[in-house]
Amino acid sequence: MNSMTLLKRMNPRYAAVIAFALCAPLALTAQQAAATDQAPGCWPAGEYTAPTTPPVLPVAAFATGGRGAAAPVHKPDPRECLKAGLNDAGEAAENMELVTTLHQPEGMFDPNPSPTGRSLDYANSDLAFGKSGKLAIQGNFHGLIFYNLNDPAHPKLQTIVSCPGGQGDVSIWGNLAFMSVESYGRLDCAQPPPRPVVARAPGAARGPRVAPPPDPARMYGVRIFDISNPLKPLQVADVQTCRGSHTHTLVTSPKDKENLYIYVSGTAGVRSAQEMSGCDNGGPDDPHTSSYGIDVIKVPLSHPDKAAVVNHAYIFADANTGVIDSISGRAQGSGEPMARATVGCHDITAYPWLGLAGGACAGNGILLDISDPVHPKRLDDMADPAFSFWHSATFNNDGSKVLFSDEWGGGTQPRCRPEDPPNWGGDAIFDIVGTGAERHLKFQGYYKMPAWQTDVENCVAHNGALIPVPGRDIMSQAFYQGGATVFDFTDGKHAQEIAYFDRGPIAADHMVIGGYWSVYWYNGYLYGSEIARGFDVFQLKPSEYLSQNEIDAAKTARWEGSGMPGDMNVQDQGHYYWPSSFVVARAYIDQLVRDKSLTSDRADALNAAMKAVEDAPAGQRREAAAKVDALASELTKQAATAPPLDANRLKGAAENMTKAAAK
């Protein structure tokens, strides 16, 4: 009996430990590694069947530490043990390809990097898109980077705005850009003064952080820029808030076309009332406290310079008692209630099309009614013992699901190692059930990038967004140095990876913070903001999981509710729709064949009929279109008795066939 057969027959709890001991003989030599993108000391792909359960956790942990999700079956993966390097690391990809990579521009990288690799002073952060598809703005802890997307596959550096003040979360609305400021920002975008140093006796415990002295030039909130000329952005307003802005979310109301609203998620301490009047560091018994909620900014679109805070919304308050600290999280692993109530949100994703928002609020995921954007109301909240820190939210396109991510380790720790639980540090998928004020969340399943990473790669779920394939829920997501992953969560109980891209660690012998902050679909390409390396452009490739028709259909998608035409702000999520076309019909047909709900012969007949319309001379088009209509009618009849997902695809194919044939 060989060692791998023995492992398969053993209790996985013990087999896992032995498997790691067996790994050493399979390790690549330096000479073998040099011929691949893998690092010395790693097992060759295909030679090592990894255990299905992490060795440091008891098997029972998956039932008590989460919601009972089973550990995914692991497989050897080309992403594992890639060789290290800043701009020459090993790379691995499946079903997507790197089209272009742009390294950090001059002035936006640290000329004297920290030897520990822990500094984020010049780290890239989130992305926003606008100017009718011609502009991408990349946030950075040192400011903003503007890229021209006239050639979307080959962006060009346009300009840089030096403006330190935290991670620089960014959004675009027409000719306006918005930037979060939370950490020692200055009104004039100047370099902030050194932070106060607290002297203490040798060996003494570290005390609480000391707030800086009151400073009238300090900026702590949301900056607003006029980007009418992207080559010369002009700061037009600074909206000060009491807890700063770690992230922000643009929110609109169909009843109010004159104003834009911003939900501000501040995670820093409350500034002093001496620095900003009205700031109150009181506890939950203080009716004027600046904690336990979010700030709402109103931006008059005709006069953005008059933007101001119009409400501090206590979204954690009990609707019946008024107690403002009414919800709390669960301790990761044990599920015990957290001693401290939830006091603020890390990020909020608004979905104006449905009047909903998903709040990722440290210990809790919450569902909000934002039909009145100034006064959001909590509909439901969730806590999960598999989650450490609720980080961000994404709705599926029809608003029947919402996915929350968990930033276990804060984004700077390795959390994708073999010993790390597969349902920690990933995503939790919920159905949204009920109507109106009775809408609530129902847990479905977990997803986490499935490849193992090393001790020197910060890895955990981070920012992602939908890829608009009609008939499916597909999302791209950043996992820091775990790379970019694309997965299907149409079945929320069984999310499945369908594409990925990854690089090796930045350094082989110590942690250097890097990897993807965000990976977003925009106008047919995936754009990745790489924390330490720059800006990447990807393209999806057809595979058994995703057809060329589905990719082409996604490229036809349009969206509404995310800004002016062409604007894309992922946290102000737009609703996708697809102009009627044969390619959209073919995408639905491919899905039906893949799920064995339509035979290949019948699909061939449908595709041939559509092709006949496309190729028909003008005088013969009507006859060809009539055949398409007849076949579409058969699909509609089949939909009447089909399961819901198949029925939607059958009706989608039929509708697109009929409308496209009539053009």
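Numbering of the sequence shown is given in my numbering, commencing with residue 469 and proceeding in unit increments.
Ideal placement from N, C-alpha and C gives every residue a C-beta, glycine not left out.
* Cβ atoms of L1014 and S944: under 8 Å apart, would you say? -> no
* **Bounding residues of the beta strand (DSSP E) (the contiguous stretch that carries S839)** => Note, S839: premise wrong, no beta strand (DSSP E); not H, not E.
* Identify whether A825 lies in helix, strand or coil by the three-state DSSP scheme. => strand
* Asked: Are the Cβ atoms of D1004 and A560 separated by less than 8 Å?
  -> no
* Could you name the residues of the same chain whose beta carbon sits closer than 7 Å to that of D683, not counting the 5 residues immediately before and after it, in chain order? => E743
* **Extent of the continuous beta strand (DSSP E) to which K725 belongs** => 724-733
* Simplified DSSP assignment, three categories, for F530 -> In this predicted model, F530 has a pLDDT of only 32, less than 50, meaning its place in the structure is not dependable; the value taken from the coordinates is given anyway. The answer is helix: DSSP assigns F530 an H, G or I state.
* **Sequence-distant residues of its chain with Cβ nearer than 6 Å to F614 (five each side left out)** => I605, Q626, T627, P698
* To do: Starting from H1043, follow its DSSP beta bridges and name the residues at the other end.
  => E1028
* Taking C-alpha atoms, which residue in P544, G601, N608 lies nearest to S986? -> N608
* Would you check if the segment 819-836 and the segment 855-865 touch, i.e. whether three or more CB-CB distances between them fall below 8 Å? => yes
* Answer yes or no: does any C-beta atom of chain C fall closer than 8 Å to that of R547? => Looking for chain C here will not work: only one protein chain is present.
* For A528, which residues of its own chain have a beta-carbon under 6 Å away from its beta-carbon, when the five flanking residues on both sides are left out? -> Confidence in A528 is poor, its pLDDT being 33 and thus under 50, which makes the residue's placement too unreliable to answer from.
* Can you tell me which of T789, G689, A1077 puts its alpha carbon nearest to the alpha carbon of R654? => G689
* Asked: Out of curiosity, what's the CA-to-CA distance linking H771 and G642?
  -> 14 Å
* Within its chain, find whatever has a CB closer than 6 Å to the CB of F693; leave out the 5 residues flanking it on each side and keep chain order. => A645, P701, Q703
* **Inter-residue CB distance, G746 and G1031 (contact presumed, cutoff 8 Å)** => The Cβ separation is near 30 Å, so there is no contact.
* Nonlocal neighbours in the same chain, by C-beta distance under 6 Å from G950, ignoring five residues either side -> C884, M917, Q921, C927
* Asked: Which first and last residues belong to the beta strand (DSSP E) in which G1002 is found?
  -> 1002-1008
* Backbone secondary structure at T1109 - three-state DSSP -> coil
* Endpoints, alpha helix (DSSP H) assigned at N592 -> Careful: N592 lies outside any alpha helix (DSSP H), inside the beta strand (DSSP E) at 592-598.
* Go to K1023, then tell me how far its alpha helix (DSSP H) extends in each direction, as first and last residue. => 1016-1023
* **Straight-line gap, T517 to D545 (C-alpha atoms, nearest Å)** => Caution is warranted here: a pLDDT of 41 is assigned to T517, below 50, making its placement in the model unreliable, and the coordinate value is therefore given only provisionally. Looking at the two C-alpha atoms, the distance is approximately 10 Å.
* In DSSP terms, what T715 is bridged to -> S733
* Inter-residue spacing [alpha-carbon to alpha-carbon] between T757 and L836 -> 21 Å
* Own chain, CB closer than 7 Å to D793, minus 5 neighbours either side, in chain order -> P752, Y760, F784, A809
* Asked: What is the DSSP secondary structure of L525, reduced to helix, strand or coil?
  -> Below a pLDDT of 50, predicted positions are generally treated as unreliable, and L525, at 34, falls in that range; no measurement from the model is reported.
* In three-state terms, what does DSSP make of P772? -> helix
* Grouping DSSP H, G and I as helix and E and B as strand, with all else coil, what is E743? -> coil
* Asked: Is there contact between the segment 927-940 and the segment 974-993, where contact requires at least three CB pairs shorter than 8 Å?
  -> yes
* Under a three-way DSSP split, which group does P584 fall into? -> Per the sequence presented here, residue 584 reads as Thr, with Pro not at that position. DSSP places T584 in coil when its eight states are reduced to three.
* How do the segment 1068-1085 and the segment 955-973 stand: do at least 3 beta-carbon pairs fall below 8 Å, yes or no? -> no
* To do: At 3 residues or longer, and completely inside the segment 598-664: list those beta strand (DSSP E) runs for me, N to C.
  => 603-608, 611-616, 624-630, 638-641, 644-648
* Take the Cβ of R940 as the centre, count every other Cβ of all protein chains shown within 10 Å, and call the residue buried at 16 or more, exposed below. => buried
* Please go through the same chain and pick out, in chain order, the residues whose beta-carbon is closer than 7 Å to the beta-carbon of G636, but skip the five residues on each side of it. => S593, G607, N608, F609, G611, L612, M647, S648
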